[in-house]
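In our numbering, the protein residues as written are 7 to 178.
Written as structure tokens, this is what we have:
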């Protein structure tokens with residue numbers, strides 16, 4: 007189970023900017039230290055940390071639109087790409103890679119993610135569409151109910167209203 011990892015520096019791990027949610031770079035940290043096992047293990051832990059940050063804002067890895075993977079050795083590019091694809095829904099076409107001389111805490115991998123909160127807006131849009139579709143039905147049923155009630159009331163006291171009416175003699 008992924009949990010939110012505390013940042014190792016003075017930065018915000020997750021930020022919202024309009025409809026966008028940006029998760030700052032996640033290192034392969036566990037219990038405050040870089041995990042052993044090289045790029046493969048660090049990539050897997052970075053993804054777990056990323057999942058924890060996403061969970062904190064009600065998102066999942068499937069909501070991610072783009073990732074940026076920072077590596078200290080581009081020779082490990084294929085290994086990190088393979089591990090990211092295996093461990094998550096992140097696919098290479100939406101993932102960019104860049105090489106850096108060093109990363110914080112001596113890490114070999116850091117993964118940043120960008121996603122939209124469009125899914126939340128989509129739920130609101132679906133509710134709005136359903137309400138707009140239901141509105142004519144509700145109005146129609148309400149109108150039919152009112153008409154039935156008025157018809158019943160008019161029928162019930164018709165004799166009293168027409169007792170002295172000229173129309174009564176016409177058998178109408």
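Where a beta carbon is used, it is the ideal one built from N, C-alpha and C, also for glycine.
Can you check whether the CB of residue j is closer than 8 Å to the CB of residue i?
i: residue 29; j: residue 20; result: yes
i: residue 77; j: residue 115; result: yes
i: residue 66; j: residue 117; result: no
i: residue 51; j: residue 36; result: yes
i: residue 33; j: residue 111; result: yes
Alpha carbon to alpha carbon, how far is residue i from residue j?
i: residue 71; j: residue 27; result: 10 Å
i: residue 137; j: residue 149; result: 18 Å
i: residue 160; j: residue 169; result: 14 Å
i: residue 11; j: residue 25; result: 23 Å
i: residue 98; j: residue 131; result: Residue confidence is low: residue 98 scores 45 on pLDDT, short of 50, so the model does not pin down where it sits. Its coordinate-derived value is still stated next. Each residue's Cα considered, the two are about 31 Å apart.
i: residue 57; j: residue 122; result: 15 Å
i: residue 54; j: residue 135; result: 36 Å
i: residue 157; j: residue 166; result: 15 Å
i: residue 17; j: residue 38; result: 16 Å
i: residue 142; j: residue 162; result: 30 Å
i: residue 153; j: residue 144; result: 14 Å
i: residue 15; j: residue 107; result: 19 Å
i: residue 64; j: residue 155; result: 48 Å
i: residue 62; j: residue 139; result: 34 Å
i: residue 13; j: residue 109; result: 14 Å
i: residue 164; j: residue 171; result: 11 Å
Report, in whole angstroms, the separation of the C-beta atoms of residue i and residue j, which I expect to be a contact under 8 Å.
i: residue 48; j: residue 113; result: 6 Å
Counting only beta-carbon separations shorter than 8 Å, does residue i have a partner in chain D?
i: residue 59; result: In the structure shown, chain D does not exist; there is a single protein chain.
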